[in-house]
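Each residue of the sequence shown is one higher than the one before, starting from 0 at the first, in numbering that gives the first Met the number 0.
Following: one structure in structure tokens, then a few remarks.
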Amino acid sequence: MATSAPAKILVGISLDPDESKEVLSWAIRVLTHPNDEVVALHVLVGKETKKRRLITKDQEKFRQAKAHVISVLGEFSKTCQSKQVNLEARVGFSSSVRKGLIEEAKSISADFLLLRGSKNRSKKTSNKIKRYCLKHAPEGCSVVAIRKSRQQSSDSIPPQRKVQKLSPMTVLEALEDDSCSARGTKVAGSSSPKVSKFKGQTCIKKHMSPYKLISSLFSCLLGKRKASLSSKGKENHLIKCFSYEEISNATNNFHSDNIVGRGGYSEVYRGDLPDGTAIAVKRLANDNKDETKEKEFLTELGIIGHVCHPNTATLVGCCIENGLYLIFNFSEKGTLASALHGKTSASLDWPMRYKIALGVARGLHYLHKCCKHRIIHRDIKASNVLLGLDYEPQISDFGLAKWLPNKWTHHAVIPIEGTFGYLAPEYFMHGIVDEKIDVFAFGVLLLEIITGRRPVDSSKQSLLLWAKPLMESGNITELADPKLKGKYDEDEMHRTVLTVWYCVRQSAVWRPSMSEVLKLLMTGHDSDVQKSWRMPKFTFDELDDYSRVFGYEVPLEEEIL
């Protein structure tokens with residue numbers, strides 16, 4: 000993996016000490032790498048003489064501002080020394096704050112310009128500054144805008160819940176004891192005791208919410224930093240920040256005829272750009288005021304901005320005007336669910352189904368093993384698998400996804416969210432989240448591909464309960480989708496059924512990893528994985544346990560909330 004050149008990070012700060020410390024803390028904790036330079040800038044609005052001599056009144060302001068900036072930076076000196084990050088204090092004069100920021104960014108050739116709203120500045124003024132900086136930032140400079148999340152009174156929030164108000168980029172560090180950088184490299188050590196000594200630093204997670212991460216930051220994440228993909232010669236993917244006007248025009252002003260999907264918190268619209276490119280625009284539903292759903296939407300933005308694999312959906316861009324929007328390439332072939340169950344869809348032949356199964360397995364293996372931070376999708380299902388023109392599958396919808404830190408074996412979450420029929424028993428009953436719940440859901444998905452049946456049919460019968468006896472007896476003919484008319488590769492079919500058998504075991508410890516799943520799918524009984532495992536025989540007691548979990552009536556395809 001190639002190393003990157005030191006970056007210059009320009010941080011605009013106000014005269015409020017707490018605000019200044021918070022924004023600098025976030026910059027140092029999340030953005031910096033060794034040898035980077037952080038320049039803290041306060042812009043004074045005023046005029047200079049032609050000889051660049053300040054009048055007496057301005058000289059006093061300048062001295063006070065300089066003293067403030069130096070004082071704030073002093074709080075971070077030890078940490079920056081340990082991180083090998085250079086600090087510099089600057090005060091500038093300009094006709095406006097926004098112009099002063101851009102002038103300085105150009106002057107020092109900044110790689111990042113970090114902005115934060117001020118309580119002494121109106122929201123309208125703050126937005127004007129952000130828009131101006133986005134428009135006029137020098138080439139190669141990533142603009143990052145962060146803001147304070149909406150909070151209840153601290154007295155009304157239990158201490159253990161004060162760290163819950165998070166947004167895209169805080170998804171990374173919020174789940175890690177090891178602080179991690181938004182630019183893609185882990186900061187050595189766990190939450191540094193030196194960092195926690197900062198006045199107000201321990202509250203950073205509850206105060207700071209990098210809500211409005213501009214696309215240029217994601218460009219930096221996926222393009223500027225030379226990661227392992229680029230070292231293999233693959234093209235880096237850059238993400239665009241769309242204007243609201245662009246996506247509104249593309250979707251015919253979000254006309255209802257353009258809706259192609261709805262989820263628990265969002266709507267998806269088909270759109271066409273002026274160059275003919277078809278896009279899918281996912282927006283937070285207008286009537287959705289639930290902050291939890293907003294967080295899920297932002298979580299998806301934060302996670303998918305770091306994901307890059309042929310078998311995962313590619314984020315084309317985002318929009319933060321008049322709401323929250325994610326923009327993807329439109330999948331002309333729709334979803335796997337529509338291909339398997341749609342009344343007007345042509346039936347998928349077996350080679351195509353097997354290709355899709357392998358592709359989804361590769362995508363999950365990437366999320367679990369190849370990403371810098373393990374990602375648990377939590378909502379693997381047929382409607383979340385998009386199909387490209389050549390039926391290459393892409394895993395989509397990361398709204399429920401979770402980062403799983405390397406030091407953690409699992410999460411325990413409440414409430415239970417997902418789609419009935421795909422939920423692993425330990426997740427459904429105890430809220431346990433790890434890679435094995437995705438493995439279980441993938442097993443159900445494989446069974447859906449084999450049989451052409453939904454996980455829960457119209458009579459509320461579980462696909463697993465129906466299929467278990469057939470798999471146990473080896474009755475492949477009865478299992479296979481009648482639409483296949485017996486036309487399938489028997490060896491591939493047996494390998495796929497064998498993989499299902501292992502993936503949907505009740506006990507998570509007896510399920511394979513996605514690395515092992517790939518081996519099973521490709522080699523079956525000849526796999527070293529299969530030979531090395533002493534898998535206990537599936538018992539009727541275990542079937543009874545499945546009945547207790549899946550046997551009662553629930554709405555078809557309804558989200559568990």
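For each residue, glycine too, the CB sits at the ideal point set by N, CA and C.
> What is the rounded straight-line gap between the Cα of Q83 and the Cα of I394?
Replying inline: 39 Å
>> Am I right that L462 and T476 are in contact with their C-beta atoms under 8 Å? What's the rounded C-beta distance?
In response: L462 to T476, Cβ: 17 Å. No contact.
> Sorted by chain position, which residues of the same chain lie with C-beta nearer than 8 Å to E16's C-beta, five sequence neighbours on each side aside?
Replying inline: The sequence as given places Pro at residue 16; Glu does not occur at that position. Cβ within range, chain order: H67, S70, V71.
> Who pairs with W402 in a beta bridge, going by DSSP?
Replying inline: DSSP lists I374 as partners of W402.
> Between the C-alpha atoms of I12 and F111, what's the straight-line distance to the nearest angstrom?
Replying inline: 14 Å
>> I want to know whether the segment 332–341 touches the segment 377–391 - three or more CB-CB distances under 8 Å.
In response: yes
>> Here's the rule I'm using: 16 or more other beta-carbon atoms within 10 Å means buried, otherwise exposed. How should G485 be labelled?
In response: Classification of G485: exposed, given that the 10 Å Cβ count is below 16.
> Going by the CB atoms, is the gap between L100 and L40 shorter than 8 Å?
Replying inline: Yes, the pair counts as a contact, with Cβ atoms nearer than the cut-off.
>> Closest to K482 by C-alpha separation, out of W349, I258, A109, E18, would be which residue?
In response: W349
> Where does T298 sit, in a helix, a strand or coil, going by DSSP?
Replying inline: helix
> Is E434 near M351, with beta carbons less than 8 Å apart?
Replying inline: no
> Between the segment 316–328 and the segment 356–376, do three or more beta carbon pairs fall short of 8 Å?
Replying inline: Verdict: no, contact absent.
>> Using 8 Å as the threshold, is the C-beta distance between E102 and V38 below it?
In response: Contact: no.
> Of the residues S121, L114, R89, which one's Cα is nearest the Cα of S106?
Replying inline: R89
>> Tell me the rounded alpha-carbon separation between E138 and L339.
In response: 47 Å
> Smallest Cα separation from Y426: which of A312, G262, I436, L323?
Replying inline: I436
> So which of R115, Y501, G262 has the shortest CA-CA distance to N126?
Replying inline: R115
>> According to DSSP, V90 sits in a beta bridge with which residue or residues?
In response: H41
> Could you give the distance in angstroms between the alpha-carbon of M428 and the alpha-carbon of I8?
Replying inline: 47 Å
>> Considering only the alpha carbon of each residue, which of A507, V496, V503 lies closest to T522?
In response: V496
>> What residue range does the alpha helix (DSSP H) around F439 cover?
In response: 434–450
>> When you compare the CB positions of F397 and I302, do they come within less than 8 Å of one another, or not?
In response: yes
>> Just to check my reading of the structure: G270 and I246 have Cβ atoms closer than 8 Å, yes? What is that Cβ distance to the nearest angstrom?
In response: G270 to I246, Cβ: 6 Å. Contact.
> Going straight from the alpha carbon of H493 to that of D35, what length do you get?
Replying inline: Taking C-alpha positions only, H493 is separated from D35 by approximately 55 Å.
>> Within a Cβ cutoff of 6 Å, which residues of the same chain sit near V267, ignoring the five residues on either side of it in sequence?
In response: V259, G260, A279, K281
>> With H, G and I counted as helix, E and B as strand and the rest as coil, what does DSSP make of I12?
In response: coil
>> Could you pull the DSSP bridge partners for C307 from this structure?
In response: C307 is not bridged to any residue.
> Does the separation of the CB atoms of W402 and I379 fall below 8 Å?
Replying inline: no
> Between the beta-carbon of H376 and the beta-carbon of A400, is there less than 8 Å?
Replying inline: yes
> Between Y131 and the rest of its own chain, which residues show a CB-CB distance below 6 Å, the 5 nearest in sequence each way excluded?
Replying inline: R97
> Can you tell which of K20, G420, K65, C79 has its C-alpha closest to the C-alpha of T31?
Replying inline: C79
> In or out: N310 buried (at least 16 other Cβ within 10 Å) or exposed?
Replying inline: buried
> Could you give the residue range of the beta strand (DSSP E) that holds R453?
Replying inline: Here R453 belongs to no beta strand (DSSP E), and DSSP marks it neither H nor E.
> Helix, strand or coil for V280 per DSSP?
Replying inline: V280: strand per DSSP, three-state reduction.
> Do you know offhand how far A136's Cα is from V142's?
Replying inline: 7 Å
>> Give the list of continuous alpha helix (DSSP H) stretches no shorter than 4 residues that lie fully inside the segment 304–370.
In response: 335–340, 349–364
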